[in-house]
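Residue numbers (the numbering used here): 296 to 360.
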């Protein structure tokens, strides 16, 4: 499993992505980052104002032969 910290901007787009727990395989970590870059999130809402925020995103890989 790869765990990422994703900074989501006020528009819901990921503005920064960091690997905090590696799967142990660079190709899988890179695939997790590439996937999350295409996602759209609900931004943080503080008293009716949309703002950026960080969230933990775990990505689990299931590889079968």
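The beta-carbon is built from N, C-alpha and C at its ideal position, and this holds for glycine as well.
Since the structure is predicted, the reported quantities are computational estimates derived from the model, not experimental observations.
Review point. Per DSSP, what kind of secondary structure is residue 322 in: helix, strand or coil?
Key: Taking the chain shown and counting its residues from 1, one reaches residue 322 at position 27. The answer is helix: DSSP assigns residue 322 an H, G or I state.
Practice item. Could you tell me whether the Cβ atoms of residue 303 and residue 338 are closer together than 7 Å? Key: Counting from 1 along the chain shown, the entry for residue 303 is found at position 8. Counting from 1 along the chain shown, the entry for residue 338 is found at position 43. Against a cut-off of 7 Å, the Cβ pair of residue 338 and residue 303 comes out as a contact.
Point to revise | Nearest residue (CA-CA) to residue 313, options 341, 319, 299, 331 | key: The residue you call residue 313 lines up with position 18 of the chain shown. Nearest C-alpha to residue 313: 299.
**Study point:** Helix, strand or coil at residue 305 [DSSP, three-state]
**Key:** Taking the first residue of the chain shown as 1, we reach residue 305 at position 10. In this structure, residue 305 counts as coil in the three-state DSSP scheme.
Review point. CB residue 353 to CB residue 332, shorter than 7 Å?
Key: Here residue 353 corresponds to residue number 58 of the chain shown, with the count starting at 1. Here residue 332 corresponds to residue number 37 of the chain shown, with the count starting at 1. Contact: no.
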